[in-house]
Amino acid sequence: MKKTALFLLCVFFASVSFSLETGPMAALKGPVDEGIRLLSDPKYKNPSLKSVQREKIWEIVRKAFDFTELSGRALATNWKTLNPQQRKEFSEVFSEVLGNTYLDKIQGAFRDERVEYIGQEMVTDSKAVVKTKIIREKGEIPVDYSMRLKDNAWKVYDVQVEGVSLVQNYRSQFNEILSKDSPDELIKRLHKKLKEQQKGDTK
Numbered sequence: 016m017k018k019t020a021l022f023l024l025c026v027f028f029a030s031v032s033f034s035l036e037t038g039p040m041a042a043l044k045g046p047v048d049e050g051i052r053l054l055s056d057p058k059y060k061n062p063s064l065k066s067v068q069r070e071k072i073w074e075i076v077r078k079a080f081d082f083t084e085l086s087g088r089a090l091a092t093n094w095k096t097l098n099p100q101q102r103k104e105f106s107e108v109f110s111e112v113l114g115n116t117y118l119d120k121i122q123g124a125f126r127d128e129r130v131e132y133i134g135q136e137m138v139t140d141s142k143a144v145v146k147t148k149i150i151r152e153k154g155e156i157p158v159d160y161s162m163r164l165k166d167n168a169w170k171v172y173d174v175q176v177e178g179v180s181l182v183q184n185y186r187s188q189f190n191e192i193l194s195k196d197s198p199d200e201l202i203k204r205l206h207k208k209l210k211e212q213q214k215g216d217t218k
């Protein structure tokens with residue numbers, strides 16, 4: 016559980032959108048500082064303000080991630096079996112489930128970590144990997160951000176923490192489900208999960 020929480024923290028810790036003008040790594044730094052500021056702000060230790068902090072973090076994430084690309088990669092070849100409406104619905108509900116699954120853990124796991132930027136690799140003109148490491152009290156954690164250029168902005172479509180990919184983690188789960196059930200059944204399961212999460216938030 017501790018490693019899972021750490022993975023989730025790293026996934027969203029540097030979730031940002033990247034300006035075409037400055038390039039991936041240079042544009043990463045400002046929003047990361049904003050995320051750190053939000054997570055470090057002592058006023059959010061007040062339980063009544065946790066939902067406010069959470070929504071601010073989620074706002075950064077929504078703008079940062081290309082959830083359609085992430086969803087397509089998570090489904091791999093199964094993505095081709097979905098029609099346009101199914102793809103849209105899957106991407107929307109999957110992104111909401113991701114947010115509800117991880118944001119509470121991110122808020123609870125942050126312990127004044129800082130980020131060091133190692134470098135960036137331009138895979139193609141429209142794809143890049145920014146290599147960083149999270150500096151913690153008990154050691155360093157390598158975190159790589161895979162991005163692609165879309166609508167003149169760099170957006171995240173995968174994060175690898177200590178070599179473990181967010182996309183590949185979900186791909187294995189979805190592949191198992193789709194080996195037995197239809198895409199509509201997978202989407203139905205995600206909607207059910209989302210409703211369960213929303214009920215939990217109201218308790």
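With the first letter of the sequence shown counted as 1, position 26 gets the number 41 in this note's numbering; the numbers rise by one all the way through. Glycine residues also receive a C-beta, built at the ideal position from the N, C-alpha and C atoms. Small disclaimer: the values here were computed from a predicted structure and weren't measured.
Check your understanding: Would residue 83 pass as a contact of residue 106 if the rule is Cβ separation under 7 Å?
Key -> Cβ distance < 7 Å, so residue 83 and residue 106 count as in contact.
Review point. Roughly how many angstroms separate the alpha carbons of residue 116 and residue 38, rounded to a whole number?
Key: If I take the Cα positions, the gap works out to 30 Å.
Check your understanding: Applying the criterion that 16 or more other CB atoms from any shown protein chain within 10 Å of the CB defines a buried residue, is residue 213 buried or exposed?
Key -> Exposed, since its Cβ has fewer than 16 Cβ neighbours within 10 Å.
**Study point:** Cross-strand partners of residue 164 (DSSP beta bridge)
**Key:** Looking at the DSSP assignment, residue 164 forms a beta bridge with 169.
Practice item. Measure the C-alpha to C-alpha separation of residue 50 and residue 195 and round it to an integer number of angstroms. Key: The alpha-carbon atoms of residue 50 and residue 195 are separated by roughly 40 Å.
Review point. Rounded to a whole number of angstroms, what is the C-alpha to C-alpha distance between residue 118 and residue 96?
Key: Each residue's alpha carbon lies about 31 Å from the other.
Practice item. Quick one: residues in its chain with C-beta nearer than 6 Å to the C-beta of residue 54, no 5 flanking neighbours on either side, listed in chain order? Key: Only 125 meet the Cβ criterion.
Review point. Can you tell me the Cα-Cα spacing of residue 150 and residue 171, whole angstroms?
Key: Between the C-alpha atoms of residue 150 and residue 171 there is a straight-line separation of about 21 Å.
**Study point:** Short Cβ contact (7 Å threshold) for residue 173 with residue 187
**Key:** Contact: no.
**Study point:** Separation of residue 80 from residue 132, as counted between CA atoms
**Key:** Spanning the alpha carbons of residue 132 and residue 80 requires a straight line of approximately 19 Å.
Practice item. Decide if residue 138 is buried, meaning its Cβ has at least 16 other Cβ atoms within 10 Å, or exposed. Key: Residue burial annotation: residue 138 is exposed, with fewer than 16 other C-beta atoms found within 10 angstroms of its C-beta.
Check your understanding: In chain order, which alpha helix (DSSP H) runs of at least 4 residues are fully inside the stretch 89 to 152?
Key -> The stretch 89 to 152 contains these whole alpha helix (DSSP H) runs: 99 to 124.
Exercise for review: Note the first and the last residue of the continuous alpha helix (DSSP H) segment covering residue 66.
Suggested key: Where residue 66 is concerned, the enclosing alpha helix (DSSP H) starts and stops at 65 to 79.
Practice item. Within the same chain, show all residues whose beta-carbon is closer than 7 Å to that of residue 63, passing over the 5 residues directly before and after it, in chain order. Key: Cβ neighbours of residue 63 beyond the five flanking positions: none.
Review point. What are the boundary residues of the alpha helix (DSSP H) that includes residue 185?
Key: Unbroken alpha helix (DSSP H) run through residue 185: 181 to 193.
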